[in-house]
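Start counting the sequence shown at 3; every next residue gets the next number (our numbering).
All C-beta atoms in this analysis are idealised placements derived from N, C-alpha and C, irrespective of residue type, glycine included.
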Amino acid sequence: ESPAAILSPLSGGGLLGGVAAVFAERIGDQRCRTVGVSAEKAAVMLASVKAGHPIELAEEETLASALAGGIGLNNQHSFKLIKDLVHEHVTVTEKQISDAMRYCATALRLVVEGGGAVAIAAVQSGIWKPGEVRDGPLVILLSGGNVAAETLASVLA
């Protein structure tokens, strides 16, 4: 059964753009909603989509450091995929990211870096709700375990 929705971390757009393209173009399932989740402090793709073209934002320190940075002002590939194929965008706070990292470590026994935990943070915090999504499986992509021991310790404290 095809997922009703897929929530994915969103930075430069490669991961989510690829997933969205597979469902929209190769599998032909237009019913699967794709949701890009960014950290509030690293939402350059979302800001670019709103602007209609790639833009730059000042980098801020965030638990989701893997999502920080630009998308490239000449970005024509992943930007277009995200703009054309992603149905929704949401952002999560540092607290929500921290809570999701803690949940992953304690309940799931997974060490997930902040950038990789944003999608579960969106669901766990209630920032994203299924709403108009049809019944069916929900896919939440967790990616990356590159978190410093000190950062993980502070999240778990």
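Element boundaries [beta strand (DSSP E), containing residue i]
| i | result |
| --- | --- |
| residue 38 | 35 to 41 |
| residue 84 | Segment 80 to 87 is the alpha helix (DSSP H) holding residue 84; no beta strand (DSSP E) there. |
| residue 7 | 7 to 11 |
Reference residue i, options the options, closest by Cα
| i | options | result |
| --- | --- | --- |
| residue 107 | 146, 132 and 83 | 146 |
| residue 81 | 102, 15 and 43 | 15 |
| residue 150 | 99, 113, 3 and 124 | 113 |
| residue 90 | 18, 3 and 103 | 18 |
Distance CB(residue i)-CB(residue j) smaller than 9 Å
| i | j | result |
| --- | --- | --- |
| residue 68 | residue 11 | yes |
| residue 115 | residue 41 | no |
| residue 44 | residue 66 | yes |
| residue 109 | residue 123 | no |
| residue 2 | residue 34 | The first residue shown for the chain is 3 and the last is 159, placing residue 2 beyond what the model contains. |
| residue 98 | residue 126 | yes |
Residue interval of the alpha helix (DSSP H) (run including residue i)
| i | result |
| --- | --- |
| residue 122 | 120 to 127 |
| residue 151 | 151 to 158 |
| residue 108 | 96 to 108 |
| residue 140 | Taken as a continuous stretch (DSSP letters only), residue 140 belongs to no alpha helix (DSSP H), being part of the beta strand (DSSP E) at 140 to 142. |
Integer Cβ distance of residue i from residue j, believed to fall under 8 Å
| i | j | result |
| --- | --- | --- |
| residue 39 | residue 9 | 6 Å |
| residue 120 | residue 141 | Actually they do not touch by this definition, with Cβ atoms about 14 Å apart. |
| residue 22 | residue 87 | 4 Å |
| residue 154 | residue 118 | With a Cβ gap of about 12 Å, residue 154 and residue 118 do not count as contacting. |
| residue 129 | residue 157 | At roughly 19 Å, the Cβ-Cβ gap does not stay under 8 Å, so residue 129 and residue 157 are not in contact. |
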